[in-house]
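Residue numbers (our numbering): 1 to 427. The structure under discussion appears below in the form of structure tokens.
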Ligand SMILES: *Cc1c(COP(=O)(O)O)cnc(C)c1O
């Protein structure tokens with residue numbers, strides 16, 4: 001599907017049925033696969049031949065959906081995982097080990113922050129967090145001899161900062177390290193990080209890709225652009241024989257475009273087992289078929305609501321990268337000229353109490369921890385996810401008590417604005 005536009009790829013990439021085959025992607029709901037001889041199966045175990053033997057490692061439905069996501073991102077190979085958390089862990093752990101160091105943007109999803117700052121630290125992997133606004137010099141200063149990856153989010157959840165991918169890629173490559181970008185919020189419909197220098201792209205497919213709040217999942221895509229063999233001593237897991245796979249050297253046997261995902265599947269999926277269910281992959285593919293239509297509407301609704309909120313006296317601050325005057329407006333226009341996502345955050349006068357009352361007043365927007373759903377939802381971190389923190393701590397963390405994060409769905413924008421208007425007027 002190489003020459004088709006992204007809208008067509010959303011609908012038709014991945015599964016391409018032959019004559020008389022099912023029109024919709026078949027759900028291969030099978031843990032295992034049958035072979036006539038042990039020899040035939042042995043070849044699969046040795047990675048001598050392509051095929052399926054156990055769905056913890058690979059499943060045909062999952063592979064077709066992963067291939068679609070890889071095409072959308074413009075990568076050479078992809079894989080699905082059971083969640084976005086698993087995707088980010090796999091992306092990092094596939095090239096890091098005890099004694100490694102990561103440079104990560106501090107504006108990232110809370111779960112990923114915890115994964116890197118706490119859990120991976122326990123595994124002996126160190127991190128230096130940098131501001132997403134770090135200058136070239138500040139970025140360069142964060143690297144150490146043992147740095148093996150740079151990580152950031154294209155649009156950060158929930159900070160809504162925009163990553164200067166070119167700047168981060170330049171710093172990463174100057175230190176012979178790949179850049180990993182979590183592209184969950186804009187999706188490849190609005191931003192393709194590989195085109196700007198990212199080497200690995202990850203997703204929580206739970207969000208816009210699924211888009212209907214129906215299945216938790218994740219994905220990884222390799223650009224095929226990072227030359228592991230040129231930095232042989234830094235990435236031994238890819239460039240020296242793997243004893244647990246009969247001495248295969250991934251970068252030699254599967255080349256620059258296939259090594260990363262093959263190793264991630266053969267080692268990490270085998271040992272850690274974060275496989276997505278084929279049923280979930282089917283639901284994800286349904287979401288992908290309309291992703292380009294939905295993202296346009298999410299971004300339009302997000303902008304309309306950001307503009308409305310910006311003009312309301314009871315709202316003291318609005319963050320939305322595509323809103324004129326936003327700190328990230330120029331970066332948003334550069335990387336995402338057609339729009340980003342539908343998540344808006346804003347502060348209401350009167351703090352925690354006003355935010356709580358406002359959300360109670362809303363009729364269309366439900367209170368959920370979720371984002372990126374077809375249905376509009378909102379959250380006040382101070383009274384939910386961050387309720388253990390004092391007002392002062394919240395302020396310091398950049399999450400003031402009156403902050404509301406709203407994920408604009410696919411409803412009519414006028415209905416959403418009327419709902420906001422009545423909820424704010426009643427304060
Ligand atoms: C939700 C989210 C994750 C985690 O994904 P899960 O599917 O919930 O495990 C990672 N990154 C970003 C940007 C997210 O929004």
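Positions of the beta carbon are idealized from the N, C-alpha and C atoms, including for glycine. Given the structure is predicted, the values throughout are model-derived calculations rather than measurements.
Straight-line gap, residue i to residue j (C-alpha atoms, nearest Å)
i	j	result
residue 72	residue 270	26 Å
residue 244	residue 46	10 Å
residue 2	residue 62	20 Å
residue 155	residue 131	13 Å
residue 259	residue 408	39 Å
residue 186	residue 352	29 Å
residue 59	residue 358	46 Å
residue 349	residue 324	22 Å
residue 343	residue 226	32 Å
residue 241	residue 29	34 Å
residue 97	residue 283	34 Å
residue 201	residue 69	10 Å
residue 27	residue 268	24 Å
With 16 other Cβ atoms within 10 Å as the buried cut-off, status of residue i
i	result
residue 336	buried
residue 376	buried
residue 123	exposed
residue 330	exposed
residue 402	buried
residue 4	exposed
residue 387	exposed
residue 273	exposed
residue 302	buried
residue 20	exposed
DSSP-derived helix/strand/coil call for residue i
i	result
residue 138	helix
residue 377	strand
residue 425	helix
residue 368	coil
residue 317	strand
residue 129	strand
residue 40	helix
residue 175	coil
residue 99	coil
residue 204	strand
residue 352	helix
residue 150	strand
residue 359	helix
residue 1	coil
Under 7 Å between C-beta atoms of residue i and residue j
i	j	result
residue 199	residue 220	no
residue 293	residue 306	no
residue 75	residue 223	yes
residue 207	residue 239	no
residue 103	residue 142	yes
residue 362	residue 415	no
residue 67	residue 14	yes
residue 381	residue 399	yes
residue 109	residue 146	no
residue 215	residue 290	no
residue 309	residue 254	no
residue 84	residue 218	yes
residue 126	residue 153	no
residue 44	residue 51	yes
Other residues of its chain near residue i: CB distance less than 6 Å, five sequence neighbours each side excluded
i	result
residue 417	308
Cutoff 8 Å; reference residue i; Cβ partners in own chain excluding five residues on either side
i	result
residue 53	32, 33, 35, 41, 44 and 45
Cβ neighbours of residue i in the same chain (closer than 7 Å, five flanking residues each side left out)
i	result
residue 246	46
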